[in-house]
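Working notes, structure below.
Shown next, in the form of structure tokens:
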């Protein structure tokens with residue numbers, strides 16, 4: 425498992441993606457998961473929702489095991505949602 429931790433860049437997403445994919449290629453990574461947060465008016469006393477967007481039907485079926493909500497969000501994006 426390889427974890428990246430940092431602030432999402434406001435610019436140069438392509439360069440950021442190439443850096444991540446370069447490390448993935450170097451270590452023969454098979455699957456990549458991107459995690460991101462969404463700023464919203466949700467009280468901290470409530471369990472957070474976990475939503476998911478998938479790039480394939482196979483991954484969607486795999487993620488169903490974790491009781492995630494599948495997102496159909498349309499609007500401004502972030503690195504993890506593009």
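In my numbering, the protein residues as written are 425 to 506.
The beta carbon of each residue, even a glycine, is placed where N, CA and C say it ideally should be.
No experiment lies behind these values; they were computed from the predicted model shown.
Are the beta-carbon atoms belonging to residue i and residue j less than 7 Å from one another?
i	j	result
residue 478	residue 484	yes
residue 492	residue 476	yes
Locate the alpha helix (DSSP H) running through residue i, then write down its first and last residues.
i	result
residue 444	437 to 450
Pick out whichever of the options has its Cα sitting closest to the Cα of residue i.
i	options	result
residue 427	438, 435, 433, 447	447
residue 457	437, 445, 436, 434	445
residue 452	499, 425, 466	425
residue 429	474, 468, 440	440
Under 7 Å, Cβ to Cβ, is there at least one residue of chain C near residue i?
i	result
residue 430	Absent from the structure is chain C; it holds one protein chain and no more.
Run through the region 452 to 500 for me and flag every whole alpha helix (DSSP H) of 4 or more residues, listed as ranges in chain order. If we require 4 residues or more, the alpha helix (DSSP H) runs fully inside the region 452 to 500 come out as 481 to 488.
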